[in-house]
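Chemist: Line order of the protein sequences matches chains F and P.
Whatever position you read off the first sequence (first residue = 1), add 1 for our numbering.
Whatever position you read off the second sequence (first residue = 1), add 325 for our numbering.
Cβ atoms here follow ideal geometry from the backbone N, Cα and C, with glycine treated the same way.
Just so it is clear, the structure is predicted and the values come from calculations on it, not from any experiment.
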Amino acid sequence: MNRSIKKLTDGWRISVFAIAMLVMVPIAVVLLSFFSPSQEVWDHLIKHVLSELLINTFWLVTGVGAVTAVLGVSLAWLTAVYDYPGRKMFSWALLLPLAMPTYVLAFVSIGLLDFSGPVQTMLRDWFGTGNYWFPDIRSTGGVVAVMSLALYPYVYLIARNAFATQGIRTIEVAQSLGHGRVSGFFKIALPMARPWIAGGLMLVLMETLADFGAVSIFNFDTFTTAIYKAWFGFFSLSAAAQLSSILVVFVFVIILIEQRMRLRMRYYQPGRHSTEMKRYRLKGPAKWLAFTASLLVLSIAFIIPVVQLLFWSVEVVTDELNNRYFGFLIRSLLLGVLAAIITCFFALILSYAKRHYPDRLTNFLVRTSTLGYALPGTILAVGIFIPNAFVDNVIITVSRNVFGIETGPVLQGTVAVMIMAYVVRFMAAGFNSIDNAMQRVTRSIDEAATLMGLRGLNMLRKIHIPILRGGVLTALTLVFVDVMKEMPITLMTRPFGWDTLAVKIYELTSEGEWERAALPAATLILAGLLPIILLTKHTEK
Amino acid sequence: MTKILELKNVFHAYDEHLVVKDISFKLQKGSIGCLLGQSGCGKTTVLRTIAGFEDIVDGNILIKGNVVSKKKWSLPPEKRNVGMVFQDYALFPHLTVSENISLGLRKVDRSERVKRVTKLLETVRLNDVKKNYPHELSGGQQQRVALARALAPKPELLLMDEPFSNLDINLREKLSMEVREILKKHGITGLLVTHNQHEAFAMADEIGVMKEGVMQQWDTAYNIYHKPVNTFVADFIGEGVLLHGIVENERQVRTGLGILEGEITHKYSLGSPIHILIRPEDVVHYDDSGKQAKVIHKAFRGESILYTLILENGDKVLSLAPSHHEHPIGSKVGIKLEVDDIILFKRSEKLEHQKTRE
Numbered sequence: 002m003n004r005s006i007k008k009l010t011d012g013w014r015i016s017v018f019a020i021a022m023l024v025m026v027p028i029a030v031v032l033l034s035f036f037s038p039s040q041e042v043w044d045h046l047i048k049h050v051l052s053e054l055l056i057n058t059f060w061l062v063t064g065v066g067a068v069t070a071v072l073g074v075s076l077a078w079l080t081a082v083y084d085y086p087g088r089k090m091f092s093w094a095l096l097l098p099l100a101m102p103t104y105v106l107a108f109v110s111i112g113l114l115d116f117s118g119p120v121q122t123m124l125r126d127w128f129g130t131g132n133y134w135f136p137d138i139r140s141t142g143g144v145v146a147v148m149s150l151a152l153y154p155y156v157y158l159i160a161r162n163a164f165a166t167q168g169i170r171t172i173e174v175a176q177s178l179g180h181g182r183v184s185g186f187f188k189i190a191l192p193m194a195r196p197w198i199a200g201g202l203m204l205v206l207m208e209t210l211a212d213f214g215a216v217s218i219f220n221f222d223t224f225t226t227a228i229y230k231a232w233f234g235f236f237s238l239s240a241a242a243q244l245s246s247i248l249v250v251f252v253f254v255i256i257l258i259e260q261r262m263r264l265r266m267r268y269y270q271p272g273r274h275s276t277e278m279k280r281y282r283l284k285g286p287a288k289w290l291a292f293t294a295s296l297l298v299l300s301i302a303f304i305i306p307v308v309q310l311l312f313w314s315v316e317v318v319t320d321e322l323n324n325r326y327f328g329f330l331i332r333s334l335l336l337g338v339l340a341a342i343i344t345c346f347f348a349l350i351l352s353y354a355k356r357h358y359p360d361r362l363t364n365f366l367v368r369t370s371t372l373g374y375a376l377p378g379t380i381l382a383v384g385i386f387i388p389n390a391f392v393d394n395v396i397i398t399v400s401r402n403v404f405g406i407e408t409g410p411v412l413q414g415t416v417a418v419m420i421m422a423y424v425v426r427f428m429a430a431g432f433n434s435i436d437n438a439m440q441r442v443t444r445s446i447d448e449a450a451t452l453m454g455l456r457g458l459n460m461l462r463k464i465h466i467p468i469l470r471g472g473v474l475t476a477l478t479l480v481f482v483d484v485m486k487e488m489p490i491t492l493m494t495r496p497f498g499w500d501t502l503a504v505k506i507y508e509l510t511s512e513g514e515w516e517r518a519a520l521p522a523a524t525l526i527l528a529g530l531l532p533i534i535l536l537t538k539h540t541e542k
Numbered sequence: 326m327t328k329i330l331e332l333k334n335v336f337h338a339y340d341e342h343l344v345v346k347d348i349s350f351k352l353q354k355g356s357i358g359c360l361l362g363q364s365g366c367g368k369t370t371v372l373r374t375i376a377g378f379e380d381i382v383d384g385n386i387l388i389k390g391n392v393v394s395k396k397k398w399s400l401p402p403e404k405r406n407v408g409m410v411f412q413d414y415a416l417f418p419h420l421t422v423s424e425n426i427s428l429g430l431r432k433v434d435r436s437e438r439v440k441r442v443t444k445l446l447e448t449v450r451l452n453d454v455k456k457n458y459p460h461e462l463s464g465g466q467q468q469r470v471a472l473a474r475a476l477a478p479k480p481e482l483l484l485m486d487e488p489f490s491n492l493d494i495n496l497r498e499k500l501s502m503e504v505r506e507i508l509k510k511h512g513i514t515g516l517l518v519t520h521n522q523h524e525a526f527a528m529a530d531e532i533g534v535m536k537e538g539v540m541q542q543w544d545t546a547y548n549i550y551h552k553p554v555n556t557f558v559a560d561f562i563g564e565g566v567l568l569h570g571i572v573e574n575e576r577q578v579r580t581g582l583g584i585l586e587g588e589i590t591h592k593y594s595l596g597s598p599i600h601i602l603i604r605p606e607d608v609v610h611y612d613d614s615g616k617q618a619k620v621i622h623k624a625f626r627g628e629s630i631l632y633t634l635i636l637e638n639g640d641k642v643l644s645l646a647p648s649h650h651e652h653p654i655g656s657k658v659g660i661k662l663e664v665d666d667i668i669l670f671k672r673s674e675k676l677e678h679q680k681t682r683e
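#1: So is Glu259 of chain F in contact with chain P if we call contact Cβ pairs under 8 Å?
#2: Report the residue from P:Val578, P:His652 and P:Gln541 whose alpha carbon sits nearest the alpha carbon of Tyr611 of chain P.
#3: Compare the C-beta of Met193 of chain F with all C-beta atoms of chain P and state if any pair is closer than 8 Å.
#4: For Leu283 of chain F, would you say it is in contact with chain P, using Cβ-to-Cβ distances shorter than 8 Å as the test?
#5: Please list, in chain order, the chain P residues whose beta carbon lies closer than 7 Å to that of Val174 of chain F.
#6: Counting Cβ pairs, one atom from each stretch, are 3 or more of them under 8 Å apart for the stretch 62-77 of chain F and the stretch 492-508 of chain F?
#7: Does Glu628 of chain P have its Cβ less than 8 Å from a Cβ in chain F?
#8: Arg579 of chain P by DSSP, collapsed to three states: which one?
#9: Could you tell me which chain F residues have their CB closer than 9 Å to the CB of Val407 of chain P, listed as they occur along the chain?
#10: Which same chain residues end up closer than 7 Å to Ile138 of chain F when comparing Cβ atoms and leaving out the 5 residues on each side of it in sequence?
#11: Under 7 Å Cβ-Cβ, which residues of chain F neighbour Ala546 of chain P?
#12: In the structure shown, what three-state DSSP assignment does Tyr83 of chain F receive?
#13: Return the first residue and the last residue of the beta strand (DSSP E) that Asp486 of chain P is part of.
#14: Just to make sure I have the definition right: I need the residues of chain F whose C-beta is within less than 9 Å of the C-beta of Ile403 of chain P. Which are they?
#15: Helix, strand or coil: which one does DSSP assign to Trp289 of chain F?
#16: Do you know how far the Cα of Val383 of chain F is from the Cα of Val442 of chain P?
#17: Is the Cβ of Ile526 of chain F closer than 8 Å to any Cβ of chain P?
#18: Which residues in chain F have a C-beta closer than 9 Å to the C-beta of Ala376 of chain P? List them in chain order.
#19: Count the other CB atoms within 10 Å of the CB of Asp127 of chain F; is the residue buried (16 or more) or exposed (fewer)?
#20: Which of the three DSSP states is assigned to Trp93 of chain F in this structure?
#21: Check whether the stretch 498-513 of chain F and the stretch 209-217 of chain F touch, using three or more Cβ-Cβ pairs below 8 Å as the test.
#22: Given a limit of 7 Å on CB to CB distance, which residues of the stretch 500-526 of chain P reach chain F?
#23: According to DSSP, simplified to helix, strand and coil, what is Asn433 of chain F?
#24: Which of the three DSSP states, helix, strand or coil, is assigned to Phe329 of chain F?
#25: Rounding to the nearest angstrom, what Cα-Cα distance links Met694 of chain P and Asp560 of chain P in this structure?
#26: Does at least one heavy atom of the ligand ATP sit under 7 Å from the Cβ of Ala29 of chain F?
#27: Would you tell me roughly how many angstroms separate the C-alpha atoms of Asp447 of chain F and Arg356 of chain F, rounded to the nearest one?
#28: Using a C-beta cutoff of 8 Å, does Leu360 of chain P count as contacting chain F?
#29: Can you tell me whether DSSP reads Lys680 of chain P as helix, strand or coil?
#30: Is the Cβ-Cβ distance between Ala77 of chain F and Ala160 of chain F less than 8 Å?
#31: Jot down the residue ranges of each uninterrupted beta strand (DSSP E) in the stretch 449-516 of chain P, minimum 3 residues, whole runs only, in chain order.
#32: Where DSSP assigns a beta bridge to Val392 of chain P, which residues make up the other side?
#33: Using the Cα positions of Arg405 of chain P and Leu297 of chain F, report the straight-line distance between them to the nearest angstrom.
#34: Taking the alpha-carbon positions, what's the Phe108 of chain F to Ile490 of chain F distance?
#35: Can you tell me whether Thr226 of chain F is buried or exposed, with buried defined as 16 or more other CB within 10 angstroms of its CB?
#36: Does DSSP put His465 of chain F in a helix, in a strand, or in coil?
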């Protein structure tokens, strides 16, 4: 009895529990508002808002899901199983769109393809006004296309890993059973990779549901933009919370599917191959078709937008590269660094706690602590603001009634709240890379070190830190870049004057100032390249 | 008897680098062949060219008399009617045992398909787990699913790539006997690849020993062991030493253990200095023998003891004695040679492990 209490009150456990609370409280707050609806707010939402939001969200999710699945899977199959000109380069270059925040691709696409953009202007010069057909970029199709191009790498990356380890072997087995290559792909390789494809797809859908920047540039109302408008447009926090509670249910469904797929992947361990399988060499027109297809996707999703951004940046650089820009940059960097350090510190605690107590409670708490990656920033902003406001109110009341002192809000509108939201949102990115490294610090490594007389801090310094260093650096980079690109949390919880690059992009693009948004956008892409470099380095090993 | 498989002077290269050189052999219907060799000797590549996964640079591969591979042309694997058991089994994790097995039966109509799967499940004794998924099975069961799946489309030829290497030793022996029985009972022609000679002996009617892409000897297991054509085969298969000797006449060779008489397989001129292959079981303990040898090393093997003996002229021999013939190291024992076939090699050739020991 005594012992079990001691075990539960151990420092590790308390820390893990506290970190898990950071995630659970916002979710609970948002969910509670679902169960305590205010009739008035509901009536308004159902009458004016909900049906449009649901329809838009439905088209967005199905559209982006379908397009990213087709793009991601076909490109993954192509680069994993076939050999064609440029295959090696494409196999990592096709990840590059990950470096581009969706909202950047969104405004560049609109700037390029809108009526006044260079493409349509050129068409008008050739054919004359009204003599050509051009799809409207500001449409459901346009949002779906843009988001798919930005998000397909999630499916591509995971599916390619699956195909690279089992693709060629699967086709060989299929052939030995009398299937051709095409039937082998559709009947066997594709169903077999289903957990991976579905897992990647769920990540895409999480990002789609969470997206705020791109849809607001397109004026395409979804739950995230509605939450923002409810709060900052109509100053109705309860409507924002109500909308969040609906969105969070969708998110949970997706989390459940994703976790199930992950469980299945464990059973689907691909066989061990002593030799690397030889890719099928494409010949004649087929190899140029593969080359063209890869280049086309890469160009539309990355090369052309980046070139356009660079042109715009050069146009405005003399006006825009001023102290204001450096202010945005420094605040972005500062927030990124701060959030990265705190997140990684917490992630280390989680990882060590899991190592010390590999029991179900700890595992559950750790899993909960890393759920934030699925939660849209808008929900987190609402879910973190409400409890903080509550605490502030308590402090204000207590100090007034007990001490007779008038205080303002202590937590609201501080960087601390913002950082708290970042930590919750990006804990998974930090934890996964740190925990991967932690797997290599096995129990027997500790035991071997002890036998050699290394204990306590010495062991930490000589054994643990060197082994963990790589993982921690990766974690810091990932969180840092994610925070820099983050838009809704920053927008909704920033203290006065804390405008960052992402906030600036939001403000400029909402006024259609594409050119002026180019410089901050280019800066963010540059930062976004860091994790991709890490990723390709890692997969090459 | 019909020839199911024939390889004629097959060459294969990875990027200009020849890994299979001039391989030829045949398999008759119902017989089981084996390619035996160390890893990297090209045996798996030969198997993959037969399956159609690799193209050949020169030569011909014929299945049932039809050319399936030749220079610059090869029939797609799915049209060869060849089954394959992969080293890692490559079972499909998303399909049950039954579904895995019926995957190759898509051209067979439904009732026939069900019948055949049921029959195969019985053959490999997996009826109880037919609805399970591969990850729920033991290694041996997975292996049998792989076999049943490969047999389902009734292939002309069954290829097996190191089929037992992922199993532990006890299971390996049991399963290899079981598989041989199944193949024999159904008259299936098989070709397996392994680096393990015991597996080869247990499974195969004919064995081909390969080294660096070249076929050293294609022969029965008995001949591979007792009549190796060169020192590589002699060394790779079983144990033994080469003794110095001199050819006395057509049936006799003089050695440090006296005159040996028997069938001399390779002809050498009289009086020429040669090496003679002596297997451990050729050296028999015989207390009344005039020839004495000193024990310098012994290895207890349970049912027998392998002695390393040194002769008076300094030659070493291995001797396999029943387990209760205990002799301490350093003691002298009487021995005599019991050899049926006298295998001679030129003096310049040595056994690999003898070289390292000297």
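Modeler: To lay it out plainly:
#1: For Glu259 of chain F, no CB of chain P lies under 8 Å from its own CB, so it is not counted at the interface with that chain.
#2: Looking at the Cα atoms, P:His652 is the closest of the given residues.
#3: yes
#4: no
#5: Close partners of Val174 of chain F in chain P (Cβ separation under 7 Å): Phe411 and Ala415.
#6: no
#7: no
#8: strand
#9: The answer, in chain order, is Ser177.
#10: Ser110, Ile111, Leu114 and Asp115
#11: The premise fails here: Ala546 of chain P is roughly 26 Å from chain F at the closest Cβ pair, so nothing lies under 7 Å.
#12: strand
#13: Leu482 to Asp486
#14: Note that residue 403 of chain P corresponds to Glu in the displayed sequence, not to Ile. The answer, in chain order, is Ala175, Gln176, Ser177, Leu178, Gly179, His180, Gly181, Arg182, Ser184 and Gly185.
#15: helix
#16: 58 Å
#17: no
#18: Glu173, Gln176 and Ser177
#19: Sequence inspection shows Trp at residue 127 of chain F; the Asp mentioned does not correspond to that position. Answer is exposed; the Cβ neighbour count stays below 16.
#20: Residue state, collapsed to three classes: helix.
#21: yes
#22: none
#23: helix
#24: Note: Phe329 of chain F maps to helix in three-state DSSP.
#25: Because chain P in this structure spans residues 326 to 683, residue 694 of chain P falls outside the shown range and cannot be described.
#26: Looking for the ligand ATP in the displayed structure turns up nothing, as the structure carries no ligands at all.
#27: The alpha-carbon atoms of Asp447 of chain F and Arg356 of chain F are separated by roughly 12 Å.
#28: no
#29: Residue confidence is low: Lys680 of chain P scores 43 on pLDDT, short of 50, so the model does not pin down where it sits. Its coordinate-derived value is still stated next. The answer is helix: DSSP assigns Lys680 of chain P an H, G or I state.
#30: Going by C-beta atoms, Ala77 of chain F is nearer than 8 Å to Ala160 of chain F.
#31: 482-486
#32: P:Leu387
#33: Annotation: Arg405 of chain P to Leu297 of chain F spans about 38 Å, alpha carbon to alpha carbon.
#34: 20 Å
#35: It counts as buried.
#36: helix
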